[in-house]
Amino acid sequence: MRIAIGLLLSLFVSIAVMAACTLPGTPQAGESNAEQLPASSGAAAQLEPAERNNMYSAAPEMTIDPSRYYYATIKTERGDIKVQLFADRSPMTVNNFVFLAREGFYDNTTFHRVIDGFMAQGGDPTGTGMGGPGYTFADEFWPGATFDRPGLLAMANAGPGTNGSQFFITFEPTPWLNGNHTIFGEVIEGQEVLDLLTRRDPATNPTEPGDRIYTILIEESDSSILPTPTPLPPTPTPFPPTSLSGDRPLADLSGEEKANYFNTAPAMVIDPAKTYTATIRTSQGNLVVALRSQEAPVAVNNFVVLANLGFYDKTPVNDVNPDLLVVIGAPDNDPFNDAGYVIRPEVGLSGAPAAGAVAYRTLSQDVDGAIVASSSQLFLAIAPPPPDVNDAYSFFGQIVEGLEILATLTVSDTVESVTIVEE
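In terms of mature numbering (1 follows the signal peptide of the UniProt record, and there is no 0), the sequence shown is residues -19 to -1, 1 to 404.
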């Protein structure tokens, strides 16, 4: 199910808004001695689009030269969109895209999902959003790969390491997708064609036909049209919360020191079969929270790891909407900061959320409809949230003691500590 995030946030209070992104200067077109290579020469071109679904058993072998420049012209019934592919930065992804294009896998498919102000998605031979080539491959994230401008070409996925054939092109900056989708190209001609594409979502108007992609032509060159990128900096070493050990090593750090301390989510360390209870000790009293580890292991694991490290210790109550909710988890009181990464927690848990429900702050919905949430910012519900937000928030905990304390908290109060009991 895909959720209208803006509407749900207005129902359940969005405390922070996305930071404005500045568009970079428009790249100047340069000369290219590109030689067009054959397209649609493979087995896929001989099949109807739906017959191509799951036709391969493994990702293609590497055949491109990452030191050269590749261009893709997406020929649609609305016009041509030309993209420069980032072979040097996402070689595996570009190799996959080039292979499928030359096979004719994309011939006569459609832009099956086109959301105004967001992106246009294609590459599914079934046109439903559920199809693919029959294999998956890993993500390729590189420093500086951010969704900070329109016209970026990236892979759609169903979670980490699930890339296949589906891709999307952004209409606007979409920073909430950073670190979740591999960027492997940028539009250099035909951005205006994207504006002409029929807006549709197969989940809501499946009978409205998407605009046809006739074929995708691939060119190879020894020169770049986009400005030559600066050399890649060293890849940051993954630094998850589970890399730390010791007795609450973050407890005595300042909020500024804790902000964005990590760069990736923790490994799974809890046992979902066990029962976990959190005690949030505030300056007004204790809140005891039953954690739903069986239904929401990702959400609970993340919270338990941060709590045991002392991440929440001596942090402020960030915001209060009287009679509605309390927000905690931005360690320096900056709504744009948290533990430093995003998570995809479980949503749509059983039962309607009640007063005392604890949820991660939802940031966005990604291109595949999955909820993307802050790593540490939490909403504590004073009043029962509207039932229809259950699919947009991860209500992974329930205050079972101290609900009366919650309503007394103000922005002058603090979270003294969060401790976990495992049974």
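Glycine is no exception: its CB is placed at the ideal position from the N, C-alpha and C atoms.
The model shown is predicted, which means the values in this text are computed figures rather than measured ones.
{"Check": "Spatial neighbours of E16 in its chain, beta-carbon cut-off 8 Å, leaving aside the 5 residues before and after", "Outcome": "For E16, the predicted structure reports a pLDDT of 42, less than 50, and the residue's modelled location is therefore unreliable. The matter cannot be settled from this model."}
{"Check": "Three CB pairs or more closer than 8 Å across the region 155 to 164 and the region 127 to 141", "Outcome": "yes"}
{"Check": "Segment limits, beta strand (DSSP E) that includes V402", "Outcome": "T395 to E403"}
{"Check": "Counted within 10 angstroms of its Cβ, other Cβ atoms place N76 as buried (16 or more) or exposed", "Outcome": "buried"}
{"Check": "Neighbour-count burial assignment, T209, 16 or more Cβ in a 10 Å radius", "Outcome": "exposed"}
{"Check": "Where F78 falls: helix, strand or coil (DSSP)", "Outcome": "helix"}
{"Check": "E382 - partner residues in DSSP beta bridges", "Outcome": "V269"}
{"Check": "Alpha-carbon spacing of L390 relative to F360, whole angstroms", "Outcome": "13 Å"}
{"Check": "First and last residue of the uninterrupted beta strand (DSSP E) at L225", "Outcome": "That residue, L225, is in no beta strand (DSSP E); it is neither H nor E in DSSP."}
{"Check": "Beta-ladder partner(s) of A354, from DSSP", "Outcome": "I324 and T343"}
{"Check": "Straight-line gap, N267 to A68 (C-alpha atoms, nearest Å)", "Outcome": "54 Å"}
{"Check": "Cα-Cα separation between V370 and E189, rounded to whole angstroms", "Outcome": "27 Å"}
{"Check": "Alpha helix (DSSP H) segment containing V281, residue limits", "Outcome": "P278 to L290"}
{"Check": "Distance CB(T91)-CB(G191) smaller than 7 Å", "Outcome": "yes"}
{"Check": "Span of the alpha helix (DSSP H) around D176", "Outcome": "Q172 to L177"}
{"Check": "Integer-rounded CB distance, given that T57 should sit under 8 Å from Y195", "Outcome": "7 Å"}
{"Check": "Residue from F80, Q275 and N299 whose Cα sits closest to the Cα of F376", "Outcome": "Q275"}
{"Check": "Stretch pair the region 178 to 189 + the region 92 to 110: three plus CB contacts closer than 8 Å", "Outcome": "yes"}
{"Check": "Cβ neighbour criterion (16 or more within 10 Å) applied to A(-16)", "Outcome": "Here A(-16) scores only 35 on pLDDT, less than 50, and its place in the model should not be relied on; the value that follows carries that caveat. Exposed: under 16 other Cβ atoms inside 10 Å."}
{"Check": "Close beta carbons around T3, own chain, < 7 Å, minus the five adjacent residues each side", "Outcome": "Low local confidence applies: a pLDDT of 25 at T3 is under 50, so the model's placement there is unreliable, and no value is given."}
{"Check": "Residue from T263, V298, V308 and R325 with nearest C-alpha to N283", "Outcome": "R325"}
{"Check": "Beta-carbon spacing of G115, S38 below 7 Å", "Outcome": "yes"}
{"Check": "Cβ-based burial, L387 [other Cβ within 10 Å; buried from 16]", "Outcome": "buried"}
{"Check": "Nearest-angstrom Cα separation, counted from A311 out to F317", "Outcome": "8 Å"}
{"Check": "Inter-residue Cα distance where the pair is R193 and V279", "Outcome": "39 Å"}
{"Check": "Own chain partners of A1 with C-beta closer than 7 Å, once the 5 adjacent residues on each side are dropped", "Outcome": "A caution first: A1 carries a pLDDT of 27, below 50, which makes its placement in the model unreliable, though a value can still be read off. None."}
{"Check": "CB of L290 within 7 Å of CB of L225, strictly", "Outcome": "yes"}
{"Check": "Opening and closing residue of the beta strand (DSSP E) in which E200 lies", "Outcome": "R193 to S202"}
{"Check": "Simplified DSSP state of M73, which is helix, strand or coil", "Outcome": "helix"}
{"Check": "Beta-carbon proximity list for A40, same chain, < 7 Å, skipping 5 on both sides", "Outcome": "N77, Y116 and F118"}
{"Check": "Neighbourhood of A24 by C-beta, 7 Å cutoff - its chain only, sequence neighbours within 5 removed", "Outcome": "E84"}
{"Check": "Through-space distance from D394 to A288, alpha-carbon basis", "Outcome": "18 Å"}
{"Check": "Local conformation of T389 per DSSP, three classes", "Outcome": "coil"}
{"Check": "G236 - containing alpha helix (DSSP H), residue span", "Outcome": "G236 to K239"}
{"Check": "Beta-carbon contacts of residue 406 that lie in its chain and below 6 Å, excluding the five residues immediately before and after", "Outcome": "Because the chain in this structure spans residues -19 to 404, residue 406 falls outside the shown range and cannot be described."}
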